[in-house]
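*Asks:*
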Amino acid sequence: MVTTLSESYYNTMDLKPELLPLTDFKIQLTGANGTAIIYTGYKEVAVKLPCSLRQCPMLILIVKDTEFNAKVPAIIGTNLLREYRQEFEIQRGEFPKP
-9 MVTTLSESYY
1 NTMDLKPELL
11 PLTDFKIQLT
21 GANGTAIIYT
31 GYKEVAVKLP
41 CSLRQCPMLI
51 LIVKDTEFNA
61 KVPAIIGTNL
71 LREYRQEFEI
81 QRGEFPKP
């Protein structure tokens, strides 16, 4: 799973980061129901969780609005969770529970 942000939520941001062109890479995304996920651009960002000392670079895809992302405008991908899981398992022997 990749990290996504809905286009309408992106457009509400006061300081919109400039989107990078889609020509940098070519991927085809499909949702859990098999439909195509259309994205309009991406941005590379550094994410830092409050329970971590490090920042993790990741890509956020800006995706076209759907009925689902109207309610949930941001989805954190498993790629980010995997990065932090390794760190927590090394430090504490387990992934923190909510």
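Using the working numbering, read the sequence shown as starting at -9 and increasing by one per residue. The C-beta atom is built at its ideal place from N, Cα and C for all residues, glycine as well.
Could you spell out where the beta strand (DSSP E) holding S(-2) opens and where it closes?
*Replies:* Per DSSP, S(-2) belongs to no beta strand (DSSP E); it is in the alpha helix (DSSP H), E(-3) to T2.
*Asks:* Whole beta strand (DSSP E) runs in the stretch 7 to 79 with 3 or more residues, listed along the chain?
*Replies:* Listed in chain order, the complete beta strand (DSSP E) runs (minimum 3 residues) inside the stretch 7 to 79 are 29 to 37 and 46 to 53.
*Asks:* Would I50 and E(-3) be called neighbours here (beta carbons separated by less than 7 Å)?
*Replies:* Cβ distance not < 7 Å, so I50 and E(-3) don't count as in contact.
*Asks:* Given that a residue counts as buried once 16 or more other Cβ atoms are within 10 Å of its Cβ, and exposed if not, what is L12?
*Replies:* Its Cβ having fewer than 16 others within 10 Å, L12 is exposed.
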